[in-house]
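Residue numbers (this note's numbering): 38 to 191.
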């Protein structure tokens, strides 16, 4: 991996773990702390499943899927020429490692970012989840760029 992408991966992992540590130590489980009324809250949550608590408690499944996903992302990274996709995969690997470490150490993922969007109370998430979503978004943007020849450069 290129040094800049290793740095992205490590920054995402470190930021994820530091913010999760802070949430776990300075917030009470399940207590909603409103920062922007009707929009943004901090709520410490322990999720033993995936998004929306899907497959709750199936840790071995998440261990296996995480390792397979990391190997696949690294393989795709090594065969990418697109800087967008390399950056996206670095973000996604950092996020995957962040949540994987939580599952290994605690048997759950520590979440704390809590948004209400147009009245919908979105599931509580963390920095690792954000990095994964941003990575997917960058890959989609790169695919659009290739398809429609926008000429976007990263």
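The beta carbon of each residue, even a glycine, is placed where N, CA and C say it ideally should be.
Quick caveat, the model's predicted, so the values are computed rather than measured.
Three-state class that DSSP yields for residue i in the structure shown
i: residue 154; result: strand
i: residue 161; result: coil
i: residue 187; result: coil
Sequence-distant residues of its chain with Cβ nearer than 6 Å to residue i (five each side left out)
i: residue 179; result: 119, 121, 122
i: residue 42; result: 123, 127
i: residue 162; result: 148, 150
i: residue 48; result: none
i: residue 117; result: 123
i: residue 64; result: 81
i: residue 69; result: 78, 80
Beta-carbon contacts of residue i that lie in its chain and below 8 Å, excluding the five residues immediately before and after
i: residue 92; result: 86, 98, 99
i: residue 113; result: 122, 126
i: residue 39; result: 123
Pair within 8 Å by beta-carbon distance, residue i and residue j
i: residue 128; j: residue 164; result: no
i: residue 147; j: residue 61; result: yes
i: residue 153; j: residue 58; result: no
i: residue 80; j: residue 94; result: no
i: residue 145; j: residue 84; result: yes
i: residue 176; j: residue 125; result: yes
i: residue 167; j: residue 137; result: no
i: residue 82; j: residue 71; result: no
Beta-carbon contacts of residue i that lie in its chain and below 7 Å, excluding the five residues immediately before and after
i: residue 160; result: 88, 89
Would you mind listing the alpha helix (DSSP H) stretches within the segment 49–122 that are 4+ residues and don't spill past its ends, in chain order?
-> 96–115
At a cut of 8 Å, does the segment 129–138 reach the segment 48–60 through at least three beta carbon pairs?
-> yes
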